[in-house]
Amino acid sequence: MSSTPAEGVSWPADAPLRVRFDGWLAPDSLNADGVSLRSGEIEFGFSLAYDPVDRSLLVIPPVDLRVGLAYALTVSPDAVRGLDGRPLVDPLEVGFIAGPPEGARVASAPVAFERLTAIFDQQCGCHGPEPLAWPPLTPEGLVGVRSRRAPERRLVVPGQPLESELVLALLTDYPGVGAPMPLGGPPLAADRVRTVIAWVEGLAR
């Protein structure tokens, strides 16, 4: 387990705080009561999210932190659980200084499928119309369609990336998933996987 910021460093006042884990987290286990963000005796609000690309818990303050102020982030063992149900073994506490913002707080906009098309065209050569074994990489061929290699899952479940076989297959070594995609090629870069996740998240449930 590690964090950014690290102990004692300056961290952009508008950037989310990341706690990285060696294993996969159960996304429905995030417990805000097990996390605190404070400066001295003052507690600050935040929201939690999970980034499966680098197995990180994200702590996201709703507004920029105050530049120059010292903060402490504490994550207790009951803040998250692994996919196997185990909690964190050790608590984490890290102190840092809020530095000048760097424009990290960007309003999220829906991801157009055309952005995925460019990624798929460059790195995925196995998909297309019959008789190819894998489904076409189109919204109609993905959303709500059952996976051929994991029939208990759907390729894309709107708004739920970690219930979507398409996303799980792009995450290296995700448990219970067969050979990662793209088959026989280099894995997608982290920012490309996050683009696919953002598209799934933006689909109406």
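Just add 381 to the spot in the sequence shown (first one is 1) and you have my numbering.
Think of the CB as a built atom: it goes at the ideal place given N, C-alpha and C, for glycine as much as any other residue.
Per DSSP, cross-strand counterpart(s) of residue i
i: residue 478; result: 391, 451
i: residue 430; result: 439
i: residue 500; result: For residue 500, which the question treats as bridged, DSSP gives no partner whatsoever.
i: residue 456; result: 416, 473
i: residue 384; result: 400
i: residue 495; result: The partner list for residue 495 (beta bridge, DSSP) is empty, contrary to what the question assumes.
i: residue 463; result: 406
i: residue 424; result: 419
Beta-carbon spacing of residue i, residue j below 8 Å
i: residue 384; j: residue 475; result: yes
i: residue 580; j: residue 487; result: no
i: residue 548; j: residue 577; result: yes
i: residue 457; j: residue 401; result: no
i: residue 468; j: residue 431; result: no
i: residue 429; j: residue 413; result: yes
i: residue 529; j: residue 479; result: no
i: residue 441; j: residue 427; result: yes
i: residue 563; j: residue 504; result: yes
i: residue 495; j: residue 542; result: no
i: residue 531; j: residue 544; result: no
i: residue 524; j: residue 439; result: no
Rounded Cβ spacing between residue i and residue j (contact assumed at less than 8 Å)
i: residue 551; j: residue 561; result: 7 Å
i: residue 445; j: residue 394; result: 4 Å
i: residue 624; j: residue 461; result: The displayed coordinates of the chain run from 382 to 586. Any statement about residue 624 would go beyond what the structure contains.
Residue i versus the options, residue with shortest Cα-Cα distance
i: residue 477; options: 495, 584, 396; result: 396
i: residue 519; options: 530, 529, 536; result: 536
i: residue 553; options: 544, 569, 472, 410; result: 569
i: residue 455; options: 484, 398, 501, 443; result: 398
i: residue 392; options: 406, 433, 451; result: 451
i: residue 465; options: 563, 566, 555, 572; result: 555
i: residue 404; options: 564, 575, 495, 463; result: 463
i: residue 566; options: 582, 572, 524, 501; result: 501
i: residue 473; options: 382, 574, 481; result: 382
i: residue 498; options: 419, 574, 389; result: 574
i: residue 410; options: 421, 439, 459, 387; result: 459
i: residue 533; options: 386, 558, 517, 490; result: 558
i: residue 390; options: 572, 443, 571, 481; result: 481
i: residue 443; options: 388, 387, 485, 386; result: 485
heavy atom of the ligand NAD below 7 Å from residue i C-beta
i: residue 398; result: Ligands displayed in this structure: none; no statement on the ligand NAD is therefore possible.
Of all the beta strand (DSSP E) runs that stay within the bounds of the stretch 506-583, which reach a length of 3 or more residues?
none
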